[in-house]
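J.: My structure is below; once you've seen it, I'll send some questions.
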Amino acid sequence: MCTSAGRADEDTERTWLLANNADGDGAQSAKRRSQRRFFGVLFAHGTLKDRIVILFAIFAIFVQTIIPPLLMMMLGQFTNVFSKQQAASHVHVNGSDPSPAEIRNATNHEELSHETLKFSCISFFVTIVTFIAAFIQKYQWELIAIKQEHRIRRAFMAQILKLDIAWIEKNKASDISHMLHDHIERLYEGISDHIPTTIFILSAVSLSFMVAVHVQWDLALIMMGMAPAFVILRYIYSWLFAKHMQIEQESLSSANKVVSETFQCIRTVIAFSGQRNSIEKYQRFIEQSKECASKRHNMSAFMEALIWFLMDAVYLLGMCYGVAHLSINRDLGSLIGVLIIMTSVFATLMGIGGHINGTLTTIARARELQEVLDVVPTIDGDINRGEKHTTCDGAIRFENVSFAYPSRPDYQVLDNLSFSVAPGEHVALVGSSGSGKSTIAALILRLYDPDSGTIYLDNRPIRSLNVDWMRHRFGYVSQEPVLFDETISMNVRCGKLLATDAEVEAALDEADALEYIRTLPQQRVAIARAMIRQPNVLIFDEATSALDSEHEAMVQDAIEKVSVGVSSLTIAHRLTTVQKCDRVIVLERGRIVEMGSPSELMTAQGIFYRMAKASVLATVKNRIQQISLG
Numbered sequence: 003m004c005t006s007a008g009r010a011d012e013d014t015e016r017t018w019l020l021a022n023n024a025d026g027d028g029a030q031s032a033k034r035r036s037q038r039r040f041f042g043v044l045f046a047h048g049t050l051k052d053r054i055v056i057l058f059a060i061f062a063i064f065v066q067t068i069i070p071p072l073l074m075m076m077l078g079q080f081t082n083v084f085s086k087q088q089a090a091s092h093v094h095v096n097g098s099d100p101s102p103a104e105i106r107n108a109t110n111h112e113e114l115s116h117e118t119l120k121f122s123c124i125s126f127f128v129t130i131v132t133f134i135a136a137f138i139q140k141y142q143w144e145l146i147a148i149k150q151e152h153r154i155r156r157a158f159m160a161q162i163l164k165l166d167i168a169w170i171e172k173n174k175a176s177d178i179s180h181m182l183h184d185h186i187e188r189l190y191e192g193i194s195d196h197i198p199t200t201i202f203i204l205s206a207v208s209l210s211f212m213v214a215v216h217v218q219w220d221l222a223l224i225m226m227g228m229a230p231a232f233v234i235l236r237y238i239y240s241w242l243f244a245k246h247m248q249i250e251q252e253s254l255s256s257a258n259k260v261v262s263e264t265f266q267c268i269r270t271v272i273a274f275s276g277q278r279n280s281i282e283k284y285q286r287f288i289e290q291s292k293e294c295a296s297k298r299h300n301m302s303a304f305m306e307a308l309i310w311f312l313m314d315a316v317y318l319l320g321m322c323y324g325v326a327h328l329s330i331n332r333d334l335g336s337l338i339g340v341l342i343i344m345t346s347v348f349a350t351l352m353g354i355g356g357h358i359n360g361t362l363t364t365i366a367r368a369r370e371l372q373e374v375l376d377v378v379p380t381i382d383g384d385i386n387r388g389e390k391h392t393t394c395d396g397a398i399r400f401e402n403v404s405f406a407y408p409s410r411p412d413y414q415v416l417d418n419l420s421f422s423v424a425p426g427e428h429v430a431l432v433g434s435s436g437s438g439k440s441t442i443a444a445l446i447l448r449l450y451d452p453d454s455g456t457i458y459l460d461n462r463p464i465r466s467l468n469v470d471w472m473r474h475r476f477g478y479v480s481q482e483p484v485l486f487d488e489t490i491s492m493n494v495r496c497g498k499l500l501a502t503d504a505e506v507e508a509a510l511d512e513a514d515a516l517e518y519i520r521t522l523p524q525q526r527v528a529i530a531r532a533m534i535r536q537p538n539v540l541i542f543d544e545a546t547s548a549l550d551s552e553h554e555a556m557v558q559d560a561i562e563k564v565s566v567g568v569s570s571l572t573i574a575h576r577l578t579t580v581q582k583c584d585r586v587i588v589l590e591r592g593r594i595v596e597m598g599s600p601s602e603l604m605t606a607q608g609i610f611y612r613m614a615k616a617s618v619l620a621t622v623k624n625r626i627q628q629i630s631l632g
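Our numbering puts the sequence shown at residues 3 to 632.
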């Protein structure tokens with residue numbers, strides 16, 4: 003009986019591959035899609051609720067930024083009231099009879115007190131509103147940033163674990179780790195700080211300018227004419243500052259690398275009198291860092307002084323123009339209000355350069371991640387795709403399989419290879435280094451797909467099978483098994499996450515590990531990890547090559563014990579481990595040159611015979627050396 007799972011919708015938490023190393027039309031189309039999305043890539047993992055929260059946060063920014071210019075205009079109008087009171091006081095002090103116009107413009111002390119109380123109450127109210135709006139927008143942006151960071155980190159890790167090995171080998175582990183930490187950290191900073199601050203600055207400048215234009219359009223336009231130069235200078239300053247900072251950090255990093263290498267190889271450095279050379283290299287990088295820091299500080303001082311000079315110049319220009327054009331329709335209060343608003347505009351613009359750079363960096367990082375997100379893995383590990391079967395006999399067949407690693411496409415590792423492993427048969431693969439032994443194991447596990455030919459499991463092409471289901475049919479023990487920083491029980495459970503304690507103990511018992519739990523070789527844990535899932539096929543990839551003869555014999559006994567009743571494929575470096583195999587396949591340059599039982603091949607005195615003879619001589623030589631060393 004056989005059931006097949008159809009293709010499911012793409013995972014809502016898809017993650018990324020490094021697009022600069024992705025090939026084919028999928029990578030190109032992914033790049034085009036990501037380029038069209040631009041700002042939207044920042045929130046590609048957000049829900050509808052998140053988008054509503056973002057809109058609400060942007061509205062709170064608008065509320066927060068519209069209040070200050072209105073409050074400043076009220077302050078200007080309050081100045082008019084105060085100036086009228088001063089005019090009335092001046093009339094009474096002179097003792098002259100006021101004219102009708104002076105009487106109409108004069109205000110008494112009670113009216114001034116009333117206006118002061120009114121202005122204070124309004125100011126207090128709008129201050130409360132500003133506080134609430136500022137709290138809401140900051141809280142919402144931080145909340146969205148935390149959610150996005152959490153989702154992206156989890157999605158990134160999930161995607162990395164389901165990528166095919168060919169992609170992983172093209173990319174350095176440090177690059178992947180850098181994307182996981184640095185890129186996502188930049189996204190968090192951008193969403194929580196740079197983007198909302200940029201929106202705040204643009205909103206504050208726009209709304210303040212509109213209020214100023216409404217009151218005195220000519221004065222606002224004259225003062226605003228200096229804004230482009232101001233923004234350009236600020237942007238150039240931020241860009242140069244970041245550039246010199248990067249060079250400085252690179253120099254310091256190189257200097258630290260010299261220190262690290264020197265102390266790691268201190269014996270060699272001293273033995274070859276390399277202290278002076280190390281000091282000179284370190285000093286050279288330190289001088290580069292010092293020079294960049296000096297340039298950065300000089301530039302910072304000059305640009306800060308220039309920007310403040312421009313601010314004072316703009317304020318002076320606006321004051322001169324405003325005073326020169328005072329009239330009955332342009333009172334002193336309006337002039338003061340516009341001057342304060344425009345001064346606040348320029349003060350706000352002082353911080354836009356760094357935040358624009360930060361926003362652009364955030365978008366760039368998000369675009370890189372999104373380009374990777376849209377690339378589809380060559381080998382799809384989606385648990386809902388591919389065929390799943392109720393039974394598996396463990397029969398393996400290679401039919402005209404050829405393969406070259408993506409990193410070395412010109413070197414043919416397997417060349418039109420054909421062989422089969424019957425259910426329950428124990429087959430060994432032997433050959434010199436580079437003959438394709440481990441590559442066969444990798445192809446069976448679908449870490450790669452062959453360039454041509456077909457691999458079958460129970461007469462079904464493995465390309466048609468569900469990858470997760472198929473891999474659970476295999477138990478794999480490598481030459482240097484990796485144990486995670488967990489308990490032995492958890493390491494064994496890596497083969498079956500929901501295994502019970504009884505199953506763990508049974509697997510350890512099959513691996514002959516229970517009696518040696520305190521001095522347990524890693525191979526034994528790896529064998530137990532492979533056996534706990536009760537596989538139909540066992541693959542041993544030179545599982546004993548790194549052991550001494552004593553431990554090799556112990557582990558080999560465990561391998562023979564767990565191989566009873568299941569198909570097994572043993573990749574052998576030491577030919578002493580293949581003596582009890584049903585069949586031996588000798589490989590050379592990706593082709594089968596000999597095949598038969600161990601006794602048949604020894605009788606033929608061909609390649610296998612010569613390899614066995616050389617292996618015995620090497621073993622004897624090593625044993626003699628051990629005895630001579632005591």
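Cβ coordinates follow ideal geometry from the N, Cα and C atoms, glycine included.
As the structure is a prediction and not an experimental result, all values here were calculated from the model.
Is the Cβ-Cβ distance between residue 397 and residue 424 less than 9 Å?
T.: Going by C-beta atoms, residue 397 is nearer than 9 Å to residue 424.
J.: Quick check: the Cα distance between residue 366 and residue 417, rounded to an integer number of angstroms?
T.: 44 Å
J.: Thinking C-alpha only, which one of 462, 428, 535 is nearest residue 566?
T.: 428
J.: What's the C-alpha gap between residue 412 and residue 405?
T.: Residue 412 and residue 405: Cα-Cα distance of roughly 10 Å.
J.: Short of 8 Å in beta carbon distance, which residues of its chain neighbour residue 203, apart from the five on each side in sequence? Order them along the chain.
T.: Here the set comprises 350, 351, 353, 354, 357.
J.: Just confirm the distance between the C-beta atoms of residue 604 and residue 616, as a whole number of angstroms; I'd bet it's less than 8 Å.
T.: Actually they are not in contact, since the Cβ atoms of residue 604 and residue 616 sit about 13 Å apart, beyond 8 Å.
J.: So, for residue 34: in the same chain, excluding its five sequence neighbours on each side, which residues have a beta-carbon less than 6 Å away from its beta-carbon?
T.: Any reading at residue 34 is ruled out, since the residue's pLDDT is 45, under 50, leaving its predicted position unreliable.
J.: Any contact between the region 314 to 327 and the region 341 to 350? By contact I mean 3 or more CB pairs, one from each, below 8 Å.
T.: yes
J.: Output yes or no for whether 9 Å exceeds the beta carbon distance between residue 239 and residue 301.
T.: Cβ distance < 9 Å, so residue 239 and residue 301 count as in contact.
J.: Kindly identify the DSSP beta-bridge partner or partners of residue 463.
T.: For residue 463, which the question treats as bridged, DSSP gives the partners 458.
J.: Less than 9 Å between the beta carbons of residue 433 and residue 602, yes or no?
T.: No, they are not a contact pair.
J.: Measuring straight from C-alpha to C-alpha, what distance separates residue 303 and residue 310?
T.: Cα atoms of residue 303 and residue 310: separation of roughly 11 Å, rounded to the nearest angstrom.
J.: Going by alpha carbons, who is nearest to residue 121 out of 62, 154, 142, 79?
T.: 79
J.: Could you tell me the alpha carbon to alpha carbon distance between residue 116 and residue 325, rounded to whole angstroms?
T.: 28 Å
J.: Ordered along the chain, which non-local residues of its own chain (more than five positions away) have a Cβ less than 7 Å from that of residue 30?
T.: In this predicted model, residue 30 has a pLDDT of only 45, less than 50, meaning its place in the structure is not dependable; the value taken from the coordinates is given anyway. Hits under 7 Å: none found.
J.: Skipping 5 residues on each side, what residues in its chain have a beta carbon closer than 7 Å to that of residue 438?
T.: 415, 416, 589, 592
J.: Could you tell me if residue 461 is buried or exposed, where buried requires 16 or more neighbouring beta carbons within 10 angstroms of its beta carbon?
T.: exposed
J.: How should residue 336 be labelled, buried or exposed, when 16 other C-beta atoms within 10 angstroms of its C-beta is the threshold for buried?
T.: buried
J.: Return the CA-CA distance between residue 212 and residue 230, expressed in angstroms with no decimal places.
T.: 17 Å
J.: Across which residues does DSSP place residue 570 in a beta bridge pair?
T.: 428, 540
J.: Only counting runs of 4 or more residues, tell me where the alpha helix (DSSP H) segments fall wholly within the region 372 to 450, in order along the chain.
T.: Those alpha helix (DSSP H) runs which fall completely within the region 372 to 450 and span 4+ residues are 439 to 446.
J.: Rounding to the nearest angstrom, what Cα-Cα distance links residue 308 and residue 251 in this structure?
T.: So the two alpha carbons sit approximately 27 Å from each other.
J.: For the alpha helix (DSSP H) that contains residue 589, what are its first and last residues?
T.: Where residue 589 is concerned, there is no enclosing alpha helix (DSSP H), although the beta strand (DSSP E) it sits in stretches over 585 to 590.
J.: Between residue 245 and residue 260, is the Cβ-Cβ spacing less than 9 Å?
T.: no
J.: Here's a check: name, in chain order, each residue in its chain whose Cβ is nearer than 6 Å to the Cβ of residue 68, leaving out the five neighbours to either side.
T.: 209
J.: Since I believe residue 451 is in contact with residue 541 (beta carbons under 8 Å), could you give me their beta-carbon distance rounded to a whole number of angstroms?
T.: So it is not a contact: roughly 17 Å between Cβ atoms.
J.: Between which two residues does the alpha helix (DSSP H) carrying residue 594 extend?
T.: From DSSP, residue 594 is part of no alpha helix (DSSP H) but of the beta strand (DSSP E) over 593 to 598.
J.: Could you check the C-alpha separation between residue 287 and residue 253 for me, to the nearest Å?
T.: So the two alpha carbons sit approximately 5 Å from each other.
J.: Under the criterion of a Cβ to heavy atom distance below 8 Å, does residue 388 qualify as lining the ligand GTP?
T.: Among the components modelled here there is no ligand, and therefore nothing to report on the ligand GTP.
J.: Applying the criterion that 16 or more other CB atoms from any shown protein chain within 10 Å of the CB defines a buried residue, is residue 75 buried or exposed?
T.: buried
J.: Drop a sphere of 10 angstroms on the beta-carbon of residue 476, count the other beta-carbons inside from all chains shown, and report buried for 16 or more, exposed for fewer.
T.: That one is buried.
J.: For residue 408, which residues from the same chain have a beta carbon less than 6 Å from its beta carbon, with the 5 sequence-adjacent residues on both sides left out?
T.: 168
J.: Assign residue 58 to one of three DSSP states: helix, strand, or coil.
T.: helix
J.: In the DSSP output, what is residue 479 paired with across the bridge?
T.: 542
J.: Kindly indicate which residue of 582, 473, 446 has the alpha-carbon position closest to the one of residue 536.
T.: 473
J.: Tell me which same chain residues have a C-beta within less than 6 Å of the C-beta of residue 8, skipping the five on either side of it?
T.: Model confidence at residue 8 stands at a pLDDT of 36, short of 50, so the residue's coordinates are unreliable; what they give is reported in the following sentence. Hits under 6 Å: none found.
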